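Protein chains in written order, with the working numbering: chain D, 20 to 114; chain A, 20 to 114.
Ideal placement from N, C-alpha and C gives every residue a C-beta, glycine not left out.
Being a predicted model, the structure only gives us computed values, none of them experimental.
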DNA sequence: CAATGCGCTATGAAAAACATAGCGTCAAGC
DNA sequence: GCTTGACGCTATGTTTTTCATAGCGCATTG
């Protein structure tokens, strides 16, 4: 399974993003994602753990070293998005 | 709708990636994605067009200037993934 | 005026995600 | 020692998304 296929799955980018500041418990992560069901979250965590992107440790789920190298990239995406939004330059057709 | 929500949808990263080298027709893009159905592809193209990330021009679908600024980020992701794969360091639990 | 390629739509079946309830475990707190 | 709460996670039935496939209307080309 390729990285793009993993990151392209629903919630995956969001999960990595929510873990950026430090470990979160399963339930805290679920709350941070706002609308994810536990079944799906568990599914994603299995996937991410299987690919060594997150790990479950005593203080909760945490990004691995591998995911840490990925984080700056996601951060750049957020920066881009924020700059567009700040410039009022982000078309939102309907929703 | 936020950028992460868009990029987190199935096929979106892949579509942007496939358009990196230049415009593709609807059908060519569909073929490049290998398993996307036309209904979903059309859905995604509407979304991407609505957010000014792709445009339909005479020679096919093309990335907009906005998407061009996003492309290096996706490229970095691919670079990371490739470096992991090259190092034989990319766990693939089952599939 | 048939043939081809285009963007795209229709339809019914399969897969994914949903909301909600709850299980088993364990570490306090009374 | 027994309730209470938080933990990771599972179960179930419904809704939403994606799927595969067929085909439409249109334009160009022979």
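Listing by chain order, which chain A residues have their CB less than 7 Å from the CB of residue 59 of chain D?
Neighbours of residue 59 of chain D on chain A: none; closest Cβ ~13 Å, over 7 Å.
What does DSSP give as the partner residue(s) for residue 76 of chain A in the beta ladder?
Its beta-bridge partners are A/79.
Under the rule that 16 or more other beta-carbon atoms within 10 Å means buried, what is residue 107 of chain D, buried or exposed?
Under this definition residue 107 of chain D is an exposed residue.
Give the residues of chain D in contact with residue 21 of chain A, contact being defined as C-beta atoms less than 8 Å apart.
Going along chain D in sequence order, the residues near residue 21 of chain A (Cβ under 8 Å) are 100.
For residue 37 of chain A, collect the residues of the same chain with a Cβ closer than 8 Å to its Cβ; drop the 5 residues on either side in sequence, then sort them by chain order.
43, 48, 51 and 52.
If you follow the alpha helix (DSSP H) that residue 98 of chain D is part of, which residue opens it and which one closes it?
84-105 is the span of the alpha helix (DSSP H), which, as asked, contains residue 98 of chain D.
To the nearest angstrom, how far is the alpha carbon of residue 61 of chain D from that of residue 24 of chain A?
Looking at the two C-alpha atoms, the distance is approximately 20 Å.
Under the assumption that residue 85 of chain D contacts residue 72 of chain D (Cβ atoms under 8 Å), give the Cβ distance between them as a whole number of angstroms.
Between residue 72 of chain D and residue 85 of chain D the Cβ distance is about 6 Å, and since that is below 8 Å, they are a contact.
Please tell me whether residue 95 of chain D has its Cβ less than 9 Å away from any Cβ of chain A.
Taking Cβ atoms only, chain A reaches closer than 9 Å to residue 95 of chain D, which makes this a yes.
Determine the direct distance from the alpha carbon of residue 111 of chain D to that of residue 69 of chain A, and round the result to whole angstroms.
So the two alpha carbons sit approximately 7 Å from each other.
Would you identify the three-state DSSP class for residue 32 of chain D, choosing helix, strand or coil?
It is helical.
For residue 71 of chain D and chain A, any beta-carbon pair shorter than 9 Å?
For residue 71 of chain D, the answer is yes, since a Cβ of chain A falls inside 9 Å of its Cβ.
Consider the Cβ of residue 62 of chain D: report whether some Cβ of chain A lies at a distance smaller than 9 Å.
Residue 62 of chain D does not count as touching chain A.
Is there a Cβ of chain D sitting closer than 9 Å to that of residue 75 of chain A, yes or no?
For residue 75 of chain A, the answer is no, since every Cβ of chain D falls outside 9 Å of its Cβ.
Name the residues in the segment 82-93 of chain D whose C-beta lies less than 9 Å from a C-beta of chain A; which are they?
The segment 82-93 of chain D vs chain A, Cβ under 9 Å: 85, 88, 89, 91, 92 and 93.
Step through the CB atoms of chain D and report whether any lies within less than 9 Å of the CB of residue 33 of chain A.
It does; some Cβ of chain D falls within 9 Å.
Please report whether the beta-carbon of residue 27 of chain D lies at a distance below 9 Å from any beta-carbon of chain A.
Closer than 9 Å: yes.
Starting from residue 51 of chain D, follow the alpha helix (DSSP H) in both directions and report where the run begins and ends.
45-52 is the span of the alpha helix (DSSP H), which, as asked, contains residue 51 of chain D.
Starting from residue 42 of chain D, find everything on chain A with Cβ-Cβ shorter than 7 Å and list it in chain order.
Within 7 Å Cβ-Cβ: nothing; residue 42 of chain D doesn't reach chain A, min ~21 Å.
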